[in-house]
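Below is one structure, written out as C-alpha cells; the observations come after it.
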Amino acid sequence: MFKLNLKIALRNLWKHKVYTFINIAGLSVGMAGCILIFIFIRYQLSYDDDFSNKDRIYRVVSNWTYKTGTDASQGVPIPLAAAIRNDIPQLEKVAAIQRATGVLASLDQSGKLRFKDYEAVYLAQPEFFEIFNFNWLSGKPARDLIAPNTVALSEKAAIKYFGDWHNALGKILRFQKNEDCRVTAIFKDRPENTSLPLDVVFSYATFSLKDDKNFGSVRSSSECYVLLKADAQLRVAEAALAKFNDTKYKNNDESGKQYHTFQALNDIHHNGNYGNFAGRIVEKSEIYSLSIIGLFLILTACINFINLATAQAIGRSKEVGIRKVMGAERRQLIVQFLSETLALSLIAMVLACVLTEAALPYLQQLFDEKISFSLLQHPVIFVFLLGLVVLVSLVAGFYPALIISGFNPALALKNKISANSSAGLGLRRILLVLQFTITTVLVIATLVVLKQMNYMREKPLGFNTEALALVGLPADSLSQQKHLNFKARLLAIPGLRQVSFCDVPPSSNNVSESDFSLNGARNKDFQIRTMHIDQYYFETFGIDLIAGTALPKSDTANAFVVNETFLKRNNIVEPEKALGKLLTINDVTAPIIGVSKDFNDKSLHEQISPIAMSSNKWAYYNMAVKMDAHEMLDVMAAVEELWNETFPNDVYDASFVNDDLNEYYNSERIMGVLFRVFSLVIIFISFVGLFGLISFVTTQRTREVAIRKVLGASTYEVVRLLNGSFLLLVFMANLFAWPLAYILINKWLSQYAYRIDLSIWPFLTAMFISMLITLLTVSLRSYKVAGTNPVDALKYE
Amino acid sequence: MIALSNIEKYYSNKGVKNYVLRHVTTQISQGEFVSVMGPSGAGKSTLLNILGLLEQPTYGKYEFMGEDVSALKESKRIELYRHHIGFVFQAYHLIDEMTVAENIEAPLLYKKVGSAERKSRVADVLDRFNIVAKKDLFPNQLSGGQQQLVGIARALVAQPSIILADEPTGNLQSAQALQIMDLFKKLNQEEGITIIQVTHSELNATYGSRILHLLDGVIKEDEAVLA
C-alpha cells in the first residue's frame, strides 16, 4: 500500500507541476536557510567542547561597580591564582595563564636567525594542562614546562619555525630579541573552534611579572582558570570567592569596587562582557535571533504548503469520495496524504542540501570560520535534517490531510465541494496574513539595519580617517633612540605628509583608564581614559582644539590636553576655565593647556569617554602616517622598506585606520548581510506562495468570472475584484507588522549610543514594496483569467 | 436483503421543511435487479445515497442484511463498503492518477487482501472484461464506455453482494450503454448479484426485474418487469 501511495503521490506531484515546483522551491529554500543557521549555531555551540573536564572548568573574571555603571574584564590580578589556590578548598586545580605579543625567532645550530614572526604567545602554569587536556606528541608539561626558559609548541608552530616537529625538540626559540627558550614539548594543534588558540606556550616561570603582588592592577591578558572538585558545588565555591573578595578588597579605596566571579567554560565564547584570547564572541542573543529567523523561514515555507494544499484539496475531493466508498478509513487517507507531504519534503530536503552546500563557502567567508556540513563528522546534523523533514511533513501536511480526509463522500462525488465550503478559507486568510506579517517585519528590520549601518559609516567621528595608516613601533629603549631619526627619514618620502608617535589611534579598543585628581581633589566617581601622543597628533588626525593649545614638544608628561566630555563630566562649562587647572594622573601632575573637540574614541556602540592626553615617549608603540590619498601604496611600500632597515630584528605590522574602524562593525556587517539575504528569501517564499494561491483561487472563480463577464463586467473590474481581497490581506499584515517591528527594532537600536531616529519611512517603504509585489503577482494571474472567453468556462455546466 | 420502512428525508431551510423523500417503504431481496426511475428532483439519487449509506434518513428504519443501519458507526459502515457494497457512478469516478489495473486493485488494498491474491483477482477481472491490453493505461486514455467498464470491474473485484449504480450509462453513447446494461444483466442473472440502478431511460429499466417509480419523494408505482 505504501509503495502504491508513494507512486500515486509522485504522479500527483507531476500532474500539478507548477504547484509542485512552487511548493518544493519554497520549502527547499526555507529548509536550506534553516540548515545553514543550524550548522552555524551547532558550530558556535561546539566551542571549547573538547575538554574532558569541561563541565567543571571555570574562568575567574573581574568586575567593578562604579557609581556611574559597571565594568568587567576577562583578566585577574596576577597574584590572584596563588591566593585562591590557598583560600578556596573547593578548587581542585588553579592555573594562571598570561598572554603576550612580540617577535618570536627561531635560531639554527650556529645561533643564526632562521625565521621570525610577530606572534601571540602564552605563559602558563603547569596546572593549566591538568585542567585542560591537550594531546601531547612529545614531552610532559608537568615535567618539561616548569623550569624557566622552556617552551611548548603546537605541531603547526613547530613546523612553522623549525620545519618539522621532531626537529624542533631541544631547539632554541627567542622571544622579544632577548629571551632564549628551549623547546621541550610538542602538542597537537588546537581545533578552530576554541577560545584558547594556544600555539606557543612558555613556562610560567619565564614570566617576568610572575611574582607581582599588586591586586589593584588588572590586565585583560592575565587570565586564571580553575577546575572545580568533582564533588564540590559551584554555589559553595562562589560563596568562598565572595568571602575572598570581601576580605581582599575591604579597604578598597579605588574609584570602583572590584570583585571576582566564576565564568563557566561554555559561556566564554558567548559573553561579550568579557573577552577571550581567541577574540571571537558570538553572543547568545545573536544565536537566538538567528534561530528566530530560521523558525520564520520554515514557518513561511510551511504556510505556503498548507495554503496550497488546502486550496488544491478541492481537486482531490473526488478521489477522497471514491476511496471512502471503496472502504478507506479516514486514518488511511490521512496516512496517504501525509506520505505525499513526506515525499515532497524529502525532495525539498535533497535540494536544500544542494543549496546549503552551494551557500556554505559564502557563509564561511561571511563569518570567517570553518563551518562544516559533514554528516559523518557531525551525526547531529543528520538527526536535524531528519527531524526537519518529519517536522515539516507534520506541520505542513497534517492540517490539509485532516481537511481533505474529512470530506463527505456524497458531496465529494457530486463535485459539490468548493473552495469556500472546504473550511480552510478562513484559515488560509489567517495564515496568509501571518506569513506577510513575518515578511513585512523582516523587510522593515532590514531597511532599518541597513540605514543604521549607513549612518555609522558616514557619521563624522571628529577626526580624519582617510589616507591614514597605523604602523607598529618597537618601544624598547634601544629602538626608542632611533624614533626621531627614523621619523626624519620618513618625512623625506614623497607623498608622506606627517608622522605622529602615539600609543593608540583616536578610536581604539585598547583602553587604559586611570583615577585622577583635579586641582588636588581626588575624583572617586569615574575614571578617565589616558592617551600618550606627541605634538603632531592633532595635526595628523585633524582633531580640532576649542581652547588653549596643542601639546608642546616633550618626552614626558608636562602638560595635558583634555576633551569636551572631560569638561562635562567635571562640570566645567566654559572650556577656557579648564585651562591652567592641575591634573594628577598616576602621580604625575601637570596643567591642562588645551581642550579638544570631542571625537569618538570607541565604537559607536559606546559613549565618548573623558580623555586626558599627554606626551610619554616610553609609550609610543605606534606611529600614525598621514599620506596623499592617491600615493598611499607607494608611500606604504617605502615606509615598510625603511622600517625593516631601521628595525631589522622586529616584524613590520601596519594597517589602515579605516580598516581598523570597520573591524568594530564586523558583527553589524554580518547582521546586515544576513538580514538582506534572509529577507529576500522570505520575500521569495511568500510571493511564490501567493502566486500559487491566487492561481487556485482564480481557477476556482473561473465560473463566477465568466458569469460576471456575461453580465457585462469589464476586464479591469474583474481584475479589481480578484485582487481586492489579497491587497486587503497584505494591508492587514502590514498593520500587524508595524508595532511588532517597532518593538524589535527599538530593542536592537538601543545597543547603540549613536543611532538613527526611527522614522515612518522604513514602515511605509515596506508597505509599498509588499503591496506592489502583491499587486503584480496577483494581477499576473487574474488578468489572464479575466481575459478568457466566458463561453469556455460556462459550456460544461 | 434490504428493508426500508417509512424512510423520510428533508432539509430544513429557515424553518421550512423541504421534503426529498416521504414514507418510502419497500423491500429488496437478494438477486433482484431494481431500477429507480422518476423525473429530475424526484429523490432518486437521495434514495440511492441512503441505500449506499452516504446519507442518513431523517426518519425511518433501514435494515441491510437483517441489521439496522439507519445510524451506523463509521467503522461498521466502512466494513460494509469493504465487503458488501459496490458503487458505479455516472461520471465513472476513476482515480485519474492510477492506471486501470491500480484502480481495480484499490478496493482490495482496503479490504486487506494479500498481494498474490490481489494480483490474481485483478488479472481475472481484467480478463473477464476483455481489458487486459488496457491495464497500464490511465483513465483519460480510455473512451467513456471503457472507463465505465473499469468502474464496474472495480466495483466487482471486491465481490460485493450488491451494486448501487447512479445513472451508469448517463454519459455514454447508446451502443456503449447497451453493452453496459447487458453486462449488468449478465452479472445479475449469472452471479446473482443484487443491483439497484437509478436511470432516466425506459429502455435501461427493462433490463431489470423491477422498477420503482418515484415522484416528489414518494414511491408512486412498484412494477415488476416481465421477462
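These protein sequences, in sequence, are chains A and B.
Just so we're aligned: the first sequence equals residues 1 to 797 in our numbering.
Just so we're aligned: the second sequence equals residues 1001 to 1227 in our numbering.
The beta carbon of each residue, even a glycine, is placed where N, CA and C say it ideally should be.
Please read these numbers as outputs of a predicted model, since none were measured by experiment.
For chain B, check one thing: does any of its Cβ atoms lie closer than 8 Å to the Cβ of residue i?
| i | result |
| --- | --- |
| Gly801 (chain A) | Outside the displayed range of chain A (1 to 797) lies residue 801 (chain A), so it cannot be described from this structure. |
| Pro191 (chain A) | no |
| Gln336 (chain A) | no |
| Arg331 (chain A) | no |
| Arg11 (chain A) | yes |
| Thr788 (chain A) | no |
| Tyr796 (chain A) | With a pLDDT of only 46 at Tyr796 (chain A), under 50, the local geometry of the prediction cannot be trusted, and no value is derived from it. |
| Ala706 (chain A) | no |
| Ile769 (chain A) | no |
| Leu344 (chain A) | no |
| Ile8 (chain A) | yes |
| Glu663 (chain A) | no |
| Ile371 (chain A) | no |
| Val18 (chain A) | no |
| Glu340 (chain A) | no |
For residue i and residue j, I'd like the C-alpha separation in whole angstroms.
| i | j | result |
| --- | --- | --- |
| Tyr742 (chain A) | Ser317 (chain A) | 44 Å |
| Ala352 (chain A) | Ser28 (chain A) | 5 Å |
| Lys177 (chain A) | Ala168 (chain A) | 19 Å |
| Asn616 (chain A) | Val562 (chain A) | 15 Å |
| Gly672 (chain A) | Leu344 (chain A) | 32 Å |
| Leu1053 (chain B) | Ser1045 (chain B) | 12 Å |
| Phe608 (chain A) | Gln109 (chain A) | The identity of residue 608 (chain A) in the sequence shown is Ile, whereas the question assumes Phe. For Ile608 (chain A) and Gln109 (chain A), the distance between alpha carbons rounds to 53 Å. |
| His16 (chain A) | Ile1219 (chain B) | 46 Å |
| Leu10 (chain A) | Phe337 (chain A) | 12 Å |
| Ala713 (chain A) | Ala1123 (chain B) | 55 Å |
| Glu797 (chain A) | Ala1091 (chain B) | The predicted model places Glu797 (chain A) with a pLDDT of 39, which falls under 50 and marks its position as unreliable, so this point remains unresolved. |
| Asp544 (chain A) | Ala230 (chain A) | 60 Å |
| Asp601 (chain A) | Gln527 (chain A) | 15 Å |
Indicate whether residue i and residue j have their beta-carbon atoms separated by less than 8 Å.
| i | j | result |
| --- | --- | --- |
| Asp1136 (chain B) | Phe1089 (chain B) | no |
| Asn483 (chain A) | Leu470 (chain A) | Position check: residue 483 (chain A) holds His in this sequence, whereas Asn was assumed. Cβ atoms of His483 (chain A) and Leu470 (chain A): not closer than 8 Å. |
| Val1125 (chain B) | Ile1095 (chain B) | no |
| Gly33 (chain A) | Val681 (chain A) | yes |
| Lys171 (chain A) | Leu137 (chain A) | no |
| Asn53 (chain A) | Ser339 (chain A) | no |
Name the two residues that bound the continuous alpha helix (DSSP H) containing residue i.
| i | result |
| --- | --- |
| Leu680 (chain A) | 666 to 700 |
| Ile245 (chain A) | In the sequence as displayed, the identity of residue 245 (chain A) is Asn instead of Ile. From DSSP, the alpha helix (DSSP H) with Asn245 (chain A) extends over 234 to 248. |
Within the continuous beta strand (DSSP E) that includes residue i, where are the two ends?
| i | result |
| --- | --- |
| Val1198 (chain B) | 1194 to 1198 |
| Ile761 (chain A) | According to the sequence shown, residue 761 (chain A) is Trp rather than Ile. Element bounds for Trp761 (chain A): not the beta strand (DSSP E) but the alpha helix (DSSP H), 761 to 787. |
| Lys1009 (chain B) | 1002 to 1013 |
Go ahead and label residue i buried or exposed: buried means 16 or more other beta carbons lie within 10 angstroms of its beta carbon, across all protein chains shown.
| i | result |
| --- | --- |
| Ala1042 (chain B) | buried |
| Phe21 (chain A) | exposed |
| Tyr225 (chain A) | buried |
| Asp211 (chain A) | exposed |
| Asn1049 (chain B) | buried |
| Met1065 (chain B) | exposed |
| Thr150 (chain A) | buried |
| Ser517 (chain A) | exposed |
| Thr565 (chain A) | buried |
Could you check whether the Cβ of residue i sits closer than 8 Å to any Cβ belonging to chain A?
| i | result |
| --- | --- |
| Phe1089 (chain B) | yes |
| Glu1097 (chain B) | yes |
| Ile1196 (chain B) | no |
| Glu1221 (chain B) | no |
| Ser1012 (chain B) | no |
| Glu1055 (chain B) | yes |
| Glu1117 (chain B) | no |
| Glu1008 (chain B) | no |
| Ile1078 (chain B) | yes |
| Tyr1081 (chain B) | yes |
| Glu1102 (chain B) | yes |
| Pro1107 (chain B) | yes |
| Lys1111 (chain B) | yes |
| His1213 (chain B) | no |
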